[in-house]
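Undergrad:
Residue numbers (my numbering), protein chains in the order written: chain A, 280 to 480; chain B, 280 to 480.
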């Protein structure tokens with residue numbers, strides 16, 4: 280099997296949520312795995328000079344309309360903006376890396392459940408209890424998860440993955456690497472699909 | 280015929296160039312006209328707080344790679360970044376509105392020629408002489424064009440169109456309005472195509 284598609288995202292990113300609902304089938308069509316990589320955009324913005332979407336005025340007005348429109352097109356539940364927004368996705372991201380190491384089959388389903396908790400149900404996914412709730416939905420022991428959140432291994436892991444993402448030029452969410460080629464934004468998924476079908480251009 | 284697709288762009292926008300090469304066939308497929316609307320993003324950024332793409336560090340590194348990649352996919356000439364970049368597109372924009380009023384069939388071909396001058400040939404399209412050169416290519420009298428550039432009517436017109444774009448929520452280039460629905464970015468053209476085919480979602 281060829282190399283996986285690396286899928287960088289911040290759990291606080293609405294466009295990351297939309298991508299999480301689409302990347303699996305696209306990768307499967309081309310017999311690729313997906314390497315899910317939650318990162319903290321806030322940490323990246325400190326170096327890149329970026330800002331959260333919600334600080335962009337007109338662009339933020341547009342983005343809220345667009346993510347709702349894209350959710351309709353993908354026949355997802357009505358888009359909900361959680362409060363606070365953006366939120367610090369420490370707990371969900373650490374939980375993901377813990378799961379990937381200990382129960383890898385459940386890691387991607389958990390990520391999708393956490394995203395849906397935020398953007399379909401409007402939960403405050405910065406809270407460990409909300410993250411544990413999403414984990415329960417996909418059969419994960421929530422007590423073990425709460426314990427893992429304080430484990431230095433997963434804290435360090437999240438920091439390392441975020442640093443590596445930055446070193447690879449990641450500046451936003453979602454961000455994909457396909458055989459070294461970078462693609463930014465959920466609307467580039469169609470381009471990735473065509474790229475994989477044709478071998479690139 | 281249904282309302283035209285309004286296509287806002289800045290002549291200094293590489294993604295605007297890529298969109299200018301695609302919007303015609305997409306609109307024609309759905310029996311729509313295109314209302315080409317050059318604007319000055321610099322003026323919009325003063326209100327919106329936006330910045331030129333070239334000030335975005337990692338995103339700019341990515342964007343240069345991406346526009347070259349998209350140009351290859353569209354089988355356009357190799358992408359060239361003109362110097363200086365970004366440039367102030369006063370002359371090309373005023374020339375466009377003059378043409379639209381006086382020789383409307385040539386306005387869109389002129390816009391495409393001006394874009395190609397910048398991003399396929401690397402010319403400094405902030406210069407009236409370069410704009411006149413692009414106009415000559417599509418059969419426009421360059422002396423008449425040079426005279427029009429100093430006409431207050433087209434100066435005012437450009438300012439009014441830019442103000443109106445801002446009032447409609449335009450914050451970047453390309454930006455499309457389809458029956459009142461906003462779409463930002465060249466990669467949304469596929470979404471516009473699907474939207475027009477299905478009647479929206």
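Heads up, the beta-carbon is just placed ideally off N, CA and C, and yes, glycines get one too.
Since we're looking at a predicted model, the values are computed, not measured.
At the level of alpha carbons, what is the spacing between residue 467 of chain B and residue 335 of chain A?
TA: Approximately 19 Å, taken between the alpha carbons.
Undergrad: Out of B:300, B:478, B:441, B:369, which has the shortest C-alpha to C-alpha gap to residue 351 of chain B?
TA: Checked all of B:300, B:478, B:441, B:369; the closest Cα to residue 351 of chain B is B:300.
Undergrad: For residue 359 of chain B, which of helix, strand or coil comes out of DSSP?
TA: In the structure shown, residue 359 of chain B sits in coil (DSSP, three-state: anything other than H, G, I, E or B).
Undergrad: To be precise: take each residue of the segment 312-328 of chain A, compare its Cβ to all Cβ atoms of chain B, and keep it if any distance is under 8 Å. Which residues remain?
TA: Correct list: 327, 328.
Undergrad: Residues of chain B with a CB under 9 Å from the CB of residue 466 of chain A: which are they?
TA: Ordered by position in chain B, the residues that pass the 9 Å Cβ test against residue 466 of chain A are 464, 466, 467, 469, 470.
Undergrad: Tell me residue 284 of chain A's beta-bridge partners as DSSP assigns them.
TA: Answer is A:313, bridged to residue 284 of chain A.
Undergrad: Here's the rule: buried if 16 or more other CB atoms are within 10 angstroms of the residue's CB, otherwise exposed. What is residue 373 of chain A?
TA: It counts as buried.
Undergrad: What residue ranges within the segment 328-379 of chain B form continuous alpha helix (DSSP H) runs of no fewer than 4 residues, ordered along the chain?
TA: Complete alpha helix (DSSP H) runs here, min 4: 337-352.
Undergrad: Does residue 338 of chain B get closer than 9 Å to chain A when you measure Cβ to Cβ?
TA: Yes, residue 338 of chain B lies at the interface with chain A (some Cβ there is under 9 Å from its Cβ).
Undergrad: With 16 as the cutoff for other CB atoms within 10 Å, does residue 378 of chain B come out buried or exposed?
TA: Counting Cβ neighbours within 10 Å, residue 378 of chain B comes out buried, since at least 16 surround it.
Undergrad: For residue 381 of chain A, which of A:293, A:318, A:420, A:393 has the nearest alpha-carbon?
TA: Per the Cα distances, A:420.
Undergrad: Given this structure, state the Cα-to-Cα distance separating residue 457 of chain A from residue 465 of chain B, to the nearest angstrom.
TA: Between residue 457 of chain A and residue 465 of chain B, the C-alpha separation is close to 21 Å.
Undergrad: According to DSSP, is residue 463 of chain B part of a helix, a strand, or is it coil?
TA: Looking at residue 463 of chain B - three-state DSSP - the assignment turns out to be strand.
Undergrad: Taking residue 416 of chain A and residue 353 of chain A to be in contact with their CB atoms under 8 Å, please state how far apart those CB atoms are, rounded to whole angstroms.
TA: That belief does not hold up - the Cβ atoms of residue 416 of chain A and residue 353 of chain A are roughly 20 Å apart, past 8 Å.
Undergrad: Let me check one thing: in DSSP terms, what residues is residue 424 of chain A bridge-paired to?
TA: DSSP output for residue 424 of chain A lists no bridge partner at all.
Undergrad: Pick helix, strand or coil for residue 394 of chain B, following the three-state DSSP scheme.
TA: Helix, per DSSP.
Undergrad: Which residue's Cα is closest to the Cα of residue 400 of chain A: A:360, A:448, A:479?
TA: Measuring from the Cα of residue 400 of chain A, the nearest candidate turns out to be A:360.
Undergrad: Output yes or no for whether 9 Å exceeds the beta carbon distance between residue 391 of chain A and residue 356 of chain A.
TA: Contact flag unset, no.
Undergrad: Hey, quick one: how far does the alpha helix (DSSP H) through residue 410 of chain A stretch, first residue to last?
TA: That run of the alpha helix (DSSP H) goes 407-416.
Undergrad: Which residues in the same chain have their Cβ closer than 6 Å to the Cβ of residue 414 of chain B, if we skip the five residues on either side of it in sequence?
TA: Closer than 6 Å at the Cβ level, and outside the excluded window around residue 414 of chain B, lie 389, 421, 424.
Undergrad: Give me the Cβ distance between residue 317 of chain A and residue 371 of chain A, rounded to the nearest whole Å; I'm assuming they're in contact under 8 Å.
TA: About 7 Å; that satisfies the 8 Å criterion.
Undergrad: Can you look up residue 450 of chain A in the DSSP assignment and give me helix, strand or coil?
TA: The answer is coil: DSSP assigns residue 450 of chain A none of H, G, I, E or B.
Undergrad: At least one CB of chain A closer than 9 Å to the CB of residue 341 of chain B: is that the case?
TA: Yes, residue 341 of chain B counts as interfacial toward chain A.
Undergrad: Give the residues from the segment 350-370 of chain A that approach chain B closer than 8 Å (Cβ to any Cβ), ordered along the chain.
TA: So the list reads 351, 352, given in the order they occur along the chain.
Undergrad: Taking residue 479 of chain A as the reference, give the member of B:345, B:410, B:440, B:446 with the closest Cα.
TA: Minimum Cα distance to residue 479 of chain A is reached at B:345.
Undergrad: Alpha carbon to alpha carbon, how far is residue 365 of chain A from residue 322 of chain B?
TA: Between residue 365 of chain A and residue 322 of chain B, the C-alpha separation is close to 29 Å.
Undergrad: Along the chain, where does the alpha helix (DSSP H) that runs through residue 293 of chain A open and close?
TA: Residue 293 of chain A -> alpha helix (DSSP H) spans 293-299.
Undergrad: Between the C-alpha atoms of residue 315 of chain B and residue 461 of chain B, what's the straight-line distance to the nearest angstrom?
TA: Taking the straight line joining both Cα atoms gives about 15 Å.
Undergrad: Does residue 345 of chain B get closer than 9 Å to chain A when you measure Cβ to Cβ?
TA: Closer than 9 Å to some Cβ of chain A, the Cβ of residue 345 of chain B qualifies, so yes.
Undergrad: Leaving out five residues on either side along the sequence, give the residues of the same chain with a beta carbon under 7 Å from the beta carbon of residue 283 of chain B.
TA: 311, 312, 313, 314, listed in sequence order.
Undergrad: Which term fits residue 383 of chain A, buried or exposed, when burial requires 16 or more other beta carbons within 10 angstroms of its beta carbon?
TA: Classification for residue 383 of chain A: exposed.
Undergrad: Tell me, please, whether the CB atom of residue 449 of chain A is closer than 9 Å to any CB atom in chain B?
TA: Output row for residue 449 of chain A: interface = yes.
Undergrad: Does residue 348 of chain A have its Cβ less than 9 Å from a Cβ in chain B?
TA: Yes, because at least one Cβ of chain B sits closer than 9 Å to the Cβ of residue 348 of chain A.
Undergrad: Which residues does DSSP list as the beta-bridge partners of residue 455 of chain B?
TA: Answer by DSSP bridge pairing, in chain order: B:286, B:462.
Undergrad: For residue 375 of chain A and residue 386 of chain A, what's the separation of their Cα atoms in angstroms?
TA: Their backbone Cα atoms lie some 6 Å apart in a straight line.
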